[in-house]
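From first to last, the protein sequence lines are chains R and Y. The numbering of the first sequence is our numbering, which starts it at 200 and goes up by one. The numbering of the second sequence is our numbering, which starts it at 200 and goes up by one.
There are 2 protein chains.
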Amino acid sequence: MILELNPNSSVPLYQQIQSLVIEGIATGLLQPGQQLPSVRQLSADLGVNLHTVNKAYQFLRDEGYISLSSRSGAVIDLSNLDRNRFEMRLKTQSREILAEAISHGLSEDEIHSRVQEQYQSLTTERNAE
Amino acid sequence: MILELNPNSSVPLYQQIQSLVIEGIATGLLQPGQQLPSVRQLSADLGVNLHTVNKAYQFLRDEGYISLSSRSGAVIDLSNLDRNRFEMRLKTQSREILAEAISHGLSEDEIHSRVQEQYQSLTTERNAE
Chain R
200 MILELNPNSS VPLYQQIQSL VIEGIATGLL QPGQQLPSVR QLSADLGVNL
250 HTVNKAYQFL RDEGYISLSS RSGAVIDLSN LDRNRFEMRL KTQSREILAE
300 AISHGLSEDE IHSRVQEQYQ SLTTERNAE
Chain Y
200 MILELNPNSS VPLYQQIQSL VIEGIATGLL QPGQQLPSVR QLSADLGVNL
250 HTVNKAYQFL RDEGYISLSS RSGAVIDLSN LDRNRFEMRL KTQSREILAE
300 AISHGLSEDE IHSRVQEQYQ SLTTERNAE
């Protein structure tokens with residue numbers, strides 16, 4: 200798995216790691232059962248703190264994207280996906296970003312076409328596998 | 200202006216302040232020219248650190264939602280809205296949340312209807328003014 204972080208982004212590194220794993224799942228690059236690097240390995244590969252990787256992995260575990268065990272390490276596992284938790288976050292986050300879009304004068308149609316574009320870009324990667 | 204923060208949310212307080220101001224602009228509750236409370240006042244009202252309010256106001260200034268000056272304080276001012284900056288953030292953030300939605304099995308139609316719902320809820324508040 201190739202993870203590339205952007206140290207200049209205003210997005211915290213642990214969130215970047217989370218997003219890359221979730222995008223990997225969405226595009227199908229990461230499949231259930233697939234092993235992720237250990238915390239130690241990934242922190243060495245990325246040149247970040249152990250704590251940063253730990254924080255990302257714990258979030259991913261809490262949201263139901265991976266399982267963590269001392270025996271098997273971090274493994275993609277969607278059997279505990281927490282839909283309610285996600286729906287609540289989806290509501291807050293999409294409201295925030297829509298409020299910004301409206302403040303910037305984007306129409307409902309413009310917003311829909313951006314969403315469609317992004318959706319297709321993610322699912323095309325999936326289908327191209 | 201009534202700002203209510205959720206201390207139990209995983210969203211940092213400064214981000215909650217930012218979002219409330221941006222939602223206020225989107226719904227029309229906050230109009231250009233309108234004065235926001237001073238950093239000192241708002242931090243006292245909300246019971247949060249001066250630094251927290253400062254951080255939120257600086258973000259809002261950098262994104263072009265407010266102007267800050269020692270004479271007039273914080274004022275809603277959309278004349279410097281930074282569209283490019285927003286478009287870049289929109290791309291990253293919507294990609295993240297769409298990746299999550301796809302991982303949770305939401306179809307493109309389901310995603311569109313959630314977006315529509317939220318859009319209408321924000322703009323209905325605006326029209327109800």
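Heads up, the beta-carbon is just placed ideally off N, CA and C, and yes, glycines get one too. All figures in this text were calculated on a predicted structure; none of them were measured in a lab.
{"Check": "Relative to the alpha-carbon of R:Leu259, which residue among R:Asp244, R:Phe285, R:Arg294 and R:Arg239 has its alpha-carbon at the smallest distance?", "Outcome": "R:Phe285"}
{"Check": "Quick check on the DSSP output: the alpha helix (DSSP H) that includes Y:Gly223 runs from which residue to which?", "Outcome": "Leu212 to Thr226"}
{"Check": "What residues from the stretch 209–243 of chain R come within 8 Å of chain Y, judged by C-beta to C-beta, listed N to C?", "Outcome": "Val210, Ser218, Ile221, Glu222, Ile224, Ala225 and Thr226"}
{"Check": "Rounded to a whole number of angstroms, what is the C-alpha to C-alpha distance between R:Val252 and R:Ile275?", "Outcome": "15 Å"}
{"Check": "Taking Cβ positions only, does Y:Tyr256 come closer than 9 Å to chain R?", "Outcome": "no"}
{"Check": "Classify R:Ser268 as helix, strand or coil using the three-state DSSP reduction.", "Outcome": "strand"}
{"Check": "Apply the 10 Å Cβ neighbour rule to R:Leu219 and answer buried if 16 or more other Cβ atoms are within range, or exposed otherwise.", "Outcome": "buried"}
{"Check": "If you count every other CB in all the chains shown that lies within 10 Å of the CB of Y:Glu203, and 16 or more means buried, which is it?", "Outcome": "exposed"}
{"Check": "Cα separation between Y:Gln214 and Y:Ala300?", "Outcome": "22 Å"}
{"Check": "For the alpha helix (DSSP H) holding Y:Asn253, just list the boundary residues, first then last.", "Outcome": "Leu249 to Asp261"}
{"Check": "Kindly indicate which residue of R:Leu241, R:Leu280, R:Ser269 and R:Ser302 has the alpha-carbon position closest to the one of R:Ile224.", "Outcome": "R:Leu280"}
{"Check": "Note down, in chain order, each residue of its chain lying with its Cβ closer than 8 Å to the Cβ of R:Glu262, except the 5 sequence neighbours on either side.", "Outcome": "Leu280, Asp281, Arg284 and Phe285"}
{"Check": "For Y:Gln233, name the three-state secondary structure that DSSP assigns.", "Outcome": "coil"}
{"Check": "Let's test the definition: count the other Cβ atoms within 10 Å of the Cβ of Y:Thr323 and tell me whether it reaches 16, buried, or not, exposed.", "Outcome": "exposed"}
{"Check": "Do Y:Arg294 and R:Leu289 have their C-beta atoms closer together than 9 Å?", "Outcome": "no"}
{"Check": "Give every residue of the same chain whose Cβ lies closer than 6 Å to the Cβ of R:Arg313, excluding the five residues on either side of it in the sequence, and list them in chain order.", "Outcome": "none"}
{"Check": "Which same chain residues end up closer than 6 Å to Y:Ala255 when comparing Cβ atoms and leaving out the 5 residues on each side of it in sequence?", "Outcome": "Tyr213, Ile216 and Gln217"}
{"Check": "For Y:Ile221 versus R:Ala298, is the C-beta distance shorter than 9 Å?", "Outcome": "yes"}
{"Check": "For R:Gln317, count the other beta carbons within 10 Å of its own beta carbon; 16 or more makes it buried, fewer makes it exposed. Which is it?", "Outcome": "buried"}
{"Check": "Identify the continuous alpha helix (DSSP H) that holds R:Ser293 and give its terminal residues.", "Outcome": "Arg282 to Ser302"}
{"Check": "Return the chain-ordered list of same chain residues with a C-beta closer than 8 Å to the C-beta of R:Ser208, the five sequence neighbours on each side being excluded.", "Outcome": "Gln215"}
{"Check": "Can you check whether the C-beta of R:Val314 is within less than 9 Å of a C-beta belonging to chain Y?", "Outcome": "yes"}
{"Check": "Between the C-alpha atoms of R:Gly272 and R:Arg239, what's the straight-line distance to the nearest angstrom?", "Outcome": "11 Å"}
{"Check": "State buried or exposed for Y:His250, treating a residue as buried only when at least 16 other CB atoms are found within 10 Å of its CB.", "Outcome": "exposed"}
{"Check": "Taking the alpha-carbon of Y:Pro206 as reference, which of Y:Glu309, Y:Thr291, Y:Pro231 and Y:Gly246 has the nearest alpha-carbon?", "Outcome": "Y:Gly246"}
{"Check": "Give the residues of chain Y in contact with R:Ile310, contact being defined as C-beta atoms less than 7 Å apart.", "Outcome": "Val314 and Tyr318"}
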